[in-house]
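Asks: Please find one structure pasted underneath; my questions will follow.
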Amino acid sequence: MISFLVKIFFLLLIIPYDITESQCLFYEVHIFNNLPRNSPQLQLHCASGDDDFGHQYPGVRKDYSWSFCENWFPKTLYFCHFWWGFKEQAFEVFNNSNNCIDGGDKYVPDETTKCVWQIQKDGIYLGYVNSTGQLHLTKYAEWLGN
Ligand SMILES: *[C@@H]1O[C@H](CO)[C@@H](O)[C@H](O)[C@H]1NC(C)=O
Ligand SMILES: *[C@@H]1O[C@H](CO)[C@@H](O)[C@H](O)[C@H]1NC(C)=O
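Spelled out as structure tokens, the structure:
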């Protein structure tokens, strides 16, 4: 009788864990610094409701990325502020589990789980890596400021 209750107890511990794990999909957000060398240092501050990644300073040609798991009730939202010299920009870099951001279907295909932001001299690009490994970028935002 006791071992039966013990088994039930462990099943109850395991079952909810299995359900959440199997129904969640992994996403990656990448921020790639493709600014010119010998130009001001890129500064980022990205956060969600739960996580604040603090200020980050990825070097030129360096990728800053994170991953997370989204269940069948998507709610994850990541916001980033970018600074480059006197220029800046800020927006939500992830808020849509199908196309990275709302309206992102103009930049990435449906069911994109790896969202690639590339920071360039002429603005910030959003893209994806296709099934043969090629990066496809489209300009998303101009820098603000001068
Ligand atoms: C999601 O993010 C995009 C890009 O930052 C933004 O245009 C859109 O308004 C956001 N959606 C919501 C519901 O805030
Ligand atoms: C990936 O992109 C490259 C470059 O645009 C293209 O040549 C290739 O056909 C694409 N692969 C697929 C599977 O669409």
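In the working numbering, the protein residues as written are 1072 to 1217.
We put the CB at the ideal spot given by N, CA and C, even for glycine.
Being a predicted model, the structure only gives us computed values, none of them experimental.
#1: By DSSP's criteria, F1153 is part of a beta bridge. Which residues make up the other side?
#2: In chain order, what residues have a CB nearer than 5 Å to some heavy atom of ligand 2?
#3: Ends of the beta strand (DSSP E) at Y1196?
#4: According to the neighbour-count rule (16 or more other Cβ atoms, all chains shown, within 10 Å of its Cβ), is Q1189 buried or exposed?
#5: When you compare the region 1121–1128 with the region 1155–1175, are there three or more beta-carbon pairs, one atom per stretch, that lie closer than 8 Å?
#6: Smallest Cα separation from P1111: which of H1207, N1142, V1131, Q1094?
#7: When you compare each of G1194, S1138, P1107 to C1117 by their alpha carbons, which one comes out closest?
#8: Within the continuous beta strand (DSSP E) that includes V1100, where are the two ends?
Replies: Taking the structure as given:
#1: L1115, Q1160
#2: N1201, S1202, T1203, Q1205
#3: 1194–1200
#4: buried
#5: no
#6: V1131
#7: S1138
#8: 1096–1104
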